[in-house]
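Trainee: Right, I'll just put the structure down here and ask away after.
In full-length UniProt numbering, the protein residues as written are 1 to 112.
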């Protein structure tokens, strides 16, 4: 199950309202896979497919492809605010570091 903080849910709702997409789903998608493991992105989507997993919390419906369940099990979406910047953060419960490059990827500098 993907969880979302109350603050992140509030910020998602603000984005949905600003884009006139209040009834959309928040989709987590695989943006890439490197030495640090999988990297995920977020987008608003009008519909879900039968291959999607739906999680709902704090009034936000989060969908992910069922094929990503291994990576997103117990993931947490938060909204981070600092003096320099602010934005969403997706924290994975598991550490997948190194899986994307095999065993020969010490620093990942272009050899992946």
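Idealized CB from N, CA, C, for every residue including glycine. Predicted model only: the values in this text are computed from it and were never measured.
1. For the putative contact between residue 73 and residue 43, defined by C-beta atoms under 8 Å, what is the C-beta separation to the nearest angstrom?
2. Below 7 Å CB to CB, which residues in the same chain sit around residue 6 once its five sequence neighbours on both sides are set aside?
3. How is residue 5 classed by DSSP in three states: helix, strand or coil?
4. Mind the definition here: the region 50 to 69 touches the region 23 to 30 only if three or more C-beta pairs lie below 8 Å; say whether that holds.
5. Find out if the Cβ-Cβ distance for the pair residue 48, residue 71 is shorter than 8 Å.
6. For the UniProt domain "Core" (2 to 89), which segments carrying the beta strand (DSSP E) assignment without a break, of at least 3 residues, lie completely within its bounds, in sequence order?
Mentor: With the given structure in hand:
1. Contact flag wrong, Cβ pair sits at about 21 Å.
2. 58
3. coil
4. yes
5. no
6. 25 to 34, 37 to 45, 52 to 57, 60 to 65 and 76 to 81
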